[in-house]
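To convert, take the position in the sequence shown, counting from 1, and add 39; that gives my numbering.
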Amino acid sequence: IGEECIPPPPPSLVACVRNPVDQAVSWWKYENNACSWGESMGLTEWNTSLRSNDYPPKSIGDALKFSQSRFIRKAYADAEHLAKTLITHQTSYNPFYYRMKRLPNWAITWPGGQLSTIGRSGKYSGSIDRYNNVFSTMFGEKVEDSLERKPREGFVHIVPIENQSRGLLLKGALHPIFADCMARSAHRGSKQSDYADLMASIDCAIDNVCTEDNFNTSSRRNSGRSLANMDLEPSSSDLDELAKYFESNKT
């Protein structure tokens, strides 16, 4: 992304984030129900050469430990290296068109399987840091100016996903994102007067959409349906363990 955005400024990146414990539990339920569905069709054997003998984990606590195992750490490191080696020279004028090879079986769909992401997908601050580190190297430290409005973290706008249920919070999230996009357009050749006029129109549209009258019904986060196998339902101690893990891994 960084290479395709030269000359600067870089694109506006938006990270929609969720309570990591809720995210982990929702994913745990979703994937285990998918496994039950597969087993109902006769898919009862696991490829341990791809996923190891520890897969699928028997509890969400086991899944948390599995996600931190040496096997999974190596699989993710190999996947990152693989992503770099699969991108070759451009084959057309479109800068986003690359000639890609087929992914090896071990890398589909997640290294180590979908349940290897328990303990990883909720650590979104690490992913945000990776983008910020790359963009800082390529474009220099992010400098705030009069055209940009908070909140942001480096090059990434942080939007808690529950904000879409509250007009005032959503408005506070949308204004700086659109301001950043418009500042990028202005920097790339649009007249400053055109930018100001269009940004005023966008501000007005956001204000109209984000009135509290339009948010009488709260958006429901997907907490996951009940598990087909109730023995896999996370316990209160599992939830405590997840909370402690994510709290200790804040950056």
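Here a beta-carbon is modelled for each residue, glycine too, at the ideal position from N, C-alpha and C.
Short Cβ contact (7 Å threshold) for residue i with residue j
i      : j      : result
Leu154 : Ala102 : yes
Asp117 : Phe105 : no
Leu89  : Asn144 : yes
Gly100 : Asp277 : yes
Gly151 : Ala63  : no
Ser176 : Gly206 : Going by the sequence as given, residue 176 is Thr instead of Ser. Against a cut-off of 7 Å, the Cβ pair of Gly206 and Thr176 comes out as no contact.
Pro50  : Phe285 : no
Leu281 : Lys68  : no
Supposed contact pair residue j and residue i - C-beta distance, whole angstroms, cut 8 Å
i      : j      : result
His214 : Asp242 : 7 Å
Arg291 : Pro48  : Residue coverage of the chain in this structure runs from 40 to 290, which leaves residue 291 outside it and unanswerable.
Trp66  : Thr156 : 7 Å
Rounded separation between residue i and residue j - CA only
i      : j      : result
Asn171 : Ala54  : 12 Å
Ser91  : Ser108 : 11 Å
Val195 : Glu201 : 18 Å
Lys189 : Leu209 : In this prediction, Lys189 has a pLDDT of 41, which is less than 50 and means its spatial position is unreliable; what the coordinates show is noted afterwards. Approximately 13 Å between the Cα atoms of the pair.
Met80  : Asn268 : 16 Å
Ala37  : Ile216 : A query on residue 37 cannot be resolved here, the shown segment of the chain reaching from 40 to 290 and no further.
Ser287 : Gln203 : 28 Å
Leu142 : Glu119 : 12 Å
Leu52  : Glu78  : 39 Å
Lys97  : Arg112 : 20 Å
Thr148 : Ser240 : 42 Å
Ser75  : Asn86  : 16 Å
Gly193 : Asp61  : 26 Å
Ser166 : Val173 : 11 Å
Ser274 : Lys283 : 14 Å
Ala244 : Glu84  : 54 Å
Asn255 : Asn247 : 15 Å
Residues near residue i in its chain [Cβ-Cβ closer than 8 Å; skip 5 each side]
i     : result
Val56 : Tyr163, Ile197, Val198, Pro199 and Ile200
Proximal residues to residue i (C-beta, below 7 Å), its chain only, five neighbours per side dropped
i      : result
Met238 : Ala218 and Met221
Ala146 : Ala118 and Leu121
Asn71  : Leu266, Asn268 and Leu271
Asn253 : Gly206
Sequence-distant residues of its chain with Cβ nearer than 6 Å to residue i (five each side left out)
i      : result
Pro95  : Leu154
Phe110 : Ser91
Near the ligand SAH: residue i beta-carbon under 6 Å from a heavy atom
i      : result
Arg223 : This structure simply doesn't include the ligand SAH, nor any ligand for that matter.
Uninterrupted beta strand (DSSP E) stretches inside the stretch 43-104 (no shorter than 3 residues): 52-56
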